[in-house]
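Engineer: In the numbering used here, the protein residues as written are 11 to 199. C-beta atoms are modelled at their ideal positions from N, C-alpha and C, and glycine is treated no differently.
(1) Starting from residue 140 and walking both ways along the alpha helix (DSSP H), at which residues does that stretch end?
(2) For residue 99 and residue 153, I'd like the C-alpha separation in whole angstroms.
(3) In angstroms with no decimal places, state the Cα-to-Cα distance between residue 164 and residue 85.
(4) Compute the distance between the beta-carbons of residue 91 and residue 142, then report whether it is under 9 Å.
(5) With 16 as the cutoff for other CB atoms within 10 Å, does residue 182 come out buried or exposed?
(6) Suppose you measure from the CA of residue 78 to the CA of residue 147; what does that come to, to the nearest Å?
(7) Would you call the stretch 176 to 190 and the stretch 126 to 140 touching, i.e. three or more CB-CB distances under 8 Å?
(8) So what's residue 106 in DSSP terms, helix, strand or just coil?
(9) Note the first and the last residue of the continuous alpha helix (DSSP H) segment covering residue 197.
(10) Give me, in chain order, the residues of the same chain whose beta-carbon lies closer than 8 Å to that of residue 103; leave out the 5 immediate sequence neighbours on both sides.
(11) Are residue 109 and residue 176 close, meaning C-beta to C-beta below 9 Å?
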């Protein structure tokens with residue numbers, strides 16, 4: 011099942027701005043990923059497994075600079091973002107993912123990503139988790155933290171391009187991740 015421009019226009023009529031912005035971004039990125047296997051593979055891999063990059067950052071910090079305390083703070087921010095704030099928001103605010111809303115099959119494969127049935131699009135779990143970790147790291151290792159923030163934003167864009175999130179889901183994930191990091195850092199200090 012594919013999605014056509016006119017189908018989205020009919021479904022988007024009268025909907026929020028997020029849907030209109032999503033339409034243009036998704037259709038353009040889908041064309042690129044359909045034509046270019048490498049771009050598609052990188053988007054799938056990056057959107058799904060970018061959290062592993064953050065595990066590597068944590069391992070690197072703990073091994074090279076003895077940063078177990080920093081790893082603990084980053085882990086605490088991750089847990090607060092992903093398993094507390096996002097879970098609470100998802101419990102009270104049910105938002106269907108773009109592929110559920112517009113009834114299309116998102117770009118996926120068995121190795122990287124798979125469609126879900128639950129209405130849990132807002133906020134992005136991937137983005138909130140990676141932003142929470144990066145925001146903690148930025149206070150202790152600015153370069154690594156900034157790299158992490160850049161990777162989190164790229165992963166968010168990849169999730170939108172693949173049909174799993176709206177742009178506002180990514181912005182919501184950024185807000186949740188930053189709030190979680192600041193709470194953890196405030197409690198620690």
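Structural biologist: For this structure:
(1) For the purposes of this step, residue 140 is taken as residue 130 along the chain shown, with counting starting at 1. Start and end: 135 to 150.
(2) In the chain shown, counting from the first residue as 1, residue 99 sits at position 89. In the chain shown, counting from the first residue as 1, residue 153 sits at position 143. Taking the straight line joining both Cα atoms gives about 31 Å.
(3) In the chain shown, the residue the question calls residue 164 occupies position 154. In the chain shown, the residue the question calls residue 85 occupies position 75. Rounded to the nearest angstrom, the two C-alpha atoms are 21 Å apart.
(4) Against the chain shown, residue 91 aligns to sequence position 81. Against the chain shown, residue 142 aligns to sequence position 132. Yes, the Cβ-Cβ distance between residue 91 and residue 142 is below 9 Å.
(5) As a position in the chain shown, residue 182 is number 172, starting the count at 1. The residue in question, residue 182, is buried, as its Cβ has 16 or more Cβ neighbours within 10 Å.
(6) In the chain shown, counting from the first residue as 1, residue 78 sits at position 68. In the chain shown, counting from the first residue as 1, residue 147 sits at position 137. Whole-angstrom Cα-Cα distance: 12 Å.
(7) Contact between the stretch 176 to 190 and the stretch 126 to 140 is present, because at least three Cβ pairs lie under 8 Å.
(8) The sequence position of residue 106 within the chain shown is 96, counting from 1. The three-state reading of DSSP puts residue 106 in coil, since its state is none of H, G, I, E or B.
(9) Position 187 of the chain shown, counted from the start, is the residue given in the question as residue 197. First-last of the alpha helix (DSSP H) with residue 197: 177 to 198.
(10) On the chain shown, residue 103 is found 93 positions in, with the first residue counted as 1. Cβ within range, chain order: 132.
(11) Walking along the chain shown from the start, residue 109 turns up at place 99. Walking along the chain shown from the start, residue 176 turns up at place 166. In this structure, residue 109 sits away from residue 176, with a CB-CB distance that is not shorter than 9 Å.
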